[in-house]
Structure formats: structure tokens, C-alpha cells
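Residue numbers (my numbering): 12 to 418.
Virtual Cβ for every residue (Gly too), placed ideally from N, Cα, C.
Just so it is clear, the structure is predicted and the values come from calculations on it, not from any experiment.
Report on one structure; see the data block that follows.
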């Protein structure tokens, strides 16, 4: 009997599983610090370590998928995600280097999911594969990634707190979850890149993404992009650590809940983000940045009061900002890029977005010299400046290639 799974949904399942694996580590930061002897700087370095795998995954995978097809590269992403979890499962006994290596592989997988998965879902959301309205592909990609990023921490927190084999079982569950996703990509997803699309360009040539120099991208998308995951990092990596001393044994579950709340708000607000989007202005981008700046200043209040209740408000505010930002950025780049550049510009976009995920490690190092209220205040001012920069490009540089299409 033919599977009812639609081609875009098969890819979305893979993106969901990889997102799960990429973010399941987040609520366990407190567990590694409390039970495995790692310092605050150590765990924040491990949190951001997968950016080192993610950026090559974003930039190189898109070029490889243009040349060899979406399916083999996405399959490699799922294998990398599962292998990363298996290494993390033994990492608590094997040591810091093993944990670091597992995070690198998880990051490589997330990079592939973001660049190749997002482009593939967008392509499968357009004729002849689907008759969905314009913009549906961007929303589908961001929603399924966000759901995965939120579900992973939820299960990781619960399993680590209540199930046997803490810091092991959660990774095994994820590795097993990748198996049906591998089947779906192999048997239900439709390849959208073939020899007819191959321009014959070298890999180095494919790494060049002309759309990344588009003035609209530079003036509107670039100032916003690092705040996408910068906001997430503040909400569920920095803020929980600021209130952990008020939570006692509930700190791990609270962190998992805060992660889910942040990303849940990000998912819930995305239909609003789609309605805010305007082809003739940067309205959605600017709204996301206003919320972003407000959320960072609310985090300052959390750093001062150490209040778990205020932290919940920060998570909702920054989660909403994240949801609007990630969708509005995807829609902007899909209007800018030629169809053949879509995977490449997605890789550049997400690479910039994930720069913000290094914030916890940077602030942990700087905490030897500055207080968190002072550092977060400086970030809030920087967010406000970036908001103004995006607003100055409100309706500028809207020209786009005639062949471009939004998925």
C-alpha cells in the first residue's frame, strides 16, 4: 500500500529529527555541570561547539546537494545526527573530547538540515510537487525545525530526570528515531536536483553565492540574522543559569521547560509572521527586532532579580521574536535568490543566524570581568542599534531576479 506521507513531509520529518538531536543537549548543561564536574565555561563551549560543525555543513552541503542531489546529502545529515548522539551517549564516561566530537557531528547535521532541508522543502512545496500558496515552504521548514529543536530538549530533560541511564538514554532514543526518517527520505522524498539542473560548475564555484551580496540581504537580513539564535541562546542557555540557584533540584526540568516554552512560542507565532511579511517593506523583520531588543532588556531584569517568573516572560518574548525573525528572513532570501542559489543563500543565512549561539560561551568568558546585568544591557543596546539598521532598509533594494520564486 502506498504511504500517505507527502514528499515535503518526508523531508520535514528528517529536519525534525536532526533539530531534535541538535538541541537535546541544551537542558543537560546543568546536569553536566552539577554531576560531571564541568565548569560553566566548559558546558557553554560544548553548547556552542556544534557551530564549528554547523557552518561547514551549511556552506558546503548546499553546494554538494546542488551537484549531487538533495537526497544523498540529507541522508548524510541524518547519519551524522545519529552518530553524534551515539558518541554523546558514551561521552560522559569518555570525557570532554568525546562530548566535543559528538556536538560537532550534531552541528554538521543541523547545518545540512537548515541549508539543504529548507531548500528541499521549499522546492517540494511548489508546483509540480505541491500547489501550496506562496510562502508555505518557508513556513513548513521553519516550523518543523523549531518543533524538533523544542521536542529534543523536552524529552532529554524528562528522560535524564526520571529514566534510568541519565545522560545516556536520551541520546539512544534520538539515534533510533533517525531510522524511520532515513526510510522516509530514501523512499518518499522526491529528488529535485538532477543532471538537467547541473551547470557543471566546480565545487568551489558553487560555494560562491552572488545573492549574498544583494543590497537587500546586506542591509536588512544581515543585521537581524545573528539575533535569531542569539535570542534562543539567551532565553534557554543564559537565563536558566541566572536563576538556577533559586530552583535547587528542579533546575534541569525548569531549563527543559524554558527551552520548550521559547521554541513553542516561536512555532505558535509563525502564522502571524507570515501575515506580517510584506513584499514592499521590512515590516516583519523590524517587528522581530523590536521584540528582540525588548526581550534582551527583560533578560537584564532577570539577571538583576534572579526571578524564575521573570525568566518565563523573557522566554516568551524572545521565543516570539525568534519565530518571526526566522520566517521573515527565509521569505526575504527566497525573494532575493535565483532558484539555483536557494540552498546556497540558505546556508549563508543560517550561518549568520547561528553566530548568535556562541553568545553563552563568550559571556561566560567575559563574566570574569563584567557582570551579567552589564553584559546583557550592552547586548540590548546592540539589538536596538540593529533594529534601527533594519528599519533604514524598510523599502529599499527590493529588486529581485525575474526567475526567483518563493516556496
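Could you check where the alpha helix (DSSP H) with residue i kicks off and where it finishes?
i	result
residue 118	107–123
residue 361	353–366
residue 55	51–79
residue 46	40–46
residue 324	319–347
residue 134	129–135
residue 30	18–34
residue 282	281–287
residue 398	383–403
residue 239	237–244
residue 179	Taken as a continuous stretch (DSSP letters only), residue 179 belongs to no alpha helix (DSSP H), as it is neither H nor E.
Taking only the alpha-carbon atoms, compute the straight-line gap between residue i and residue j and give it to the nearest angstrom.
i	j	result
residue 237	residue 390	12 angstroms
residue 129	residue 295	20 angstroms
residue 406	residue 341	17 angstroms
residue 77	residue 116	22 angstroms
residue 18	residue 197	11 angstroms
residue 74	residue 355	7 angstroms
residue 270	residue 149	22 angstroms
residue 232	residue 132	21 angstroms
residue 207	residue 142	Any reading at residue 207 must be qualified, since the residue scores a pLDDT of 42, below 50, and its modelled position is unreliable; no value is offered.
residue 276	residue 327	6 angstroms
residue 13	residue 199	With a pLDDT of 49 at residue 13, under the threshold of 50, the modelled position of this residue cannot be trusted, and the question is left open.
residue 113	residue 291	43 angstroms
residue 70	residue 325	32 angstroms
residue 31	residue 185	7 angstroms
residue 297	residue 288	10 angstroms
residue 138	residue 323	42 angstroms
residue 381	residue 179	36 angstroms
residue 401	residue 336	12 angstroms
residue 309	residue 321	8 angstroms
residue 33	residue 370	17 angstroms
residue 169	residue 163	10 angstroms
residue 124	residue 228	22 angstroms
residue 16	residue 144	19 angstroms
residue 24	residue 190	11 angstroms
residue 72	residue 230	26 angstroms
residue 257	residue 249	15 angstroms
residue 305	residue 79	44 angstroms
residue 147	residue 395	30 angstroms
residue 399	residue 226	16 angstroms
residue 104	residue 167	18 angstroms
Does any residue of chain B have a CB that is nearer than 8 angstroms to the CB of residue i?
i	result
residue 394	As a matter of chain content, chain B is missing from the structure shown, which is built from one protein chain.
Report, in whole angstroms, the separation of the C-beta atoms of residue i and residue j, which I expect to be a contact under 8 angstroms.
i	j	result
residue 65	residue 36	Residue 65 to residue 36, Cβ: 13 angstroms. No contact.
residue 111	residue 195	30 angstroms between Cβ atoms; not a contact.
residue 367	residue 244	6 angstroms
residue 134	residue 222	Not a contact, Cβ separation roughly 16 angstroms.
residue 51	residue 375	5 angstroms
residue 319	residue 373	The pair is not a contact, with the Cβ atoms about 24 angstroms apart (cut-off 8 angstroms).
residue 29	residue 88	6 angstroms
residue 284	residue 339	6 angstroms
residue 393	residue 314	With 8 angstroms as the limit, residue 393 and residue 314 do not qualify as a contact, their Cβ atoms being about 16 angstroms apart.
residue 357	residue 347	The pair is not a contact, with the Cβ atoms about 11 angstroms apart (cut-off 8 angstroms).
residue 220	residue 359	6 angstroms
Taking residue i as the reference, which of the options has the closest Cα?
i	options	result
residue 44	363, 345 and 263	263
residue 307	330, 286, 40 and 348	330
residue 26	42, 90, 219 and 54	90
residue 106	48, 69 and 159	48
residue 120	94, 169 and 401	94
residue 41	88, 220 and 261	261
residue 97	325, 151 and 188	188
residue 165	181, 154 and 152	181
residue 175	323, 359, 322 and 100	100
residue 20	305, 38, 234 and 192	192
residue 421	267, 102 and 137	No answer is possible for residue 421: it lies beyond the span of the chain, which begins at 12 and ends at 418.
residue 85	163, 201 and 298	201
residue 11	159, 167, 250 and 22	The chain is shown only over 12 to 418; residue 11 falls outside these bounds and no answer can be derived.
residue 300	152, 403 and 136	403
residue 161	118, 224, 230 and 38	38
residue 157	279, 398, 343 and 346	279
residue 311	379, 385 and 378	385
residue 240	103, 303 and 155	303
residue 363	285, 343, 395 and 235	235
residue 126	177, 146, 67 and 140	67
residue 203	228, 83 and 46	83
residue 251	383, 395 and 357	383
residue 152	103, 228, 282 and 46	282
residue 365	122, 92 and 248	122
residue 334	272, 346, 351 and 344	272
residue 118	53, 109, 92 and 317	92
residue 108	140, 226 and 56	56
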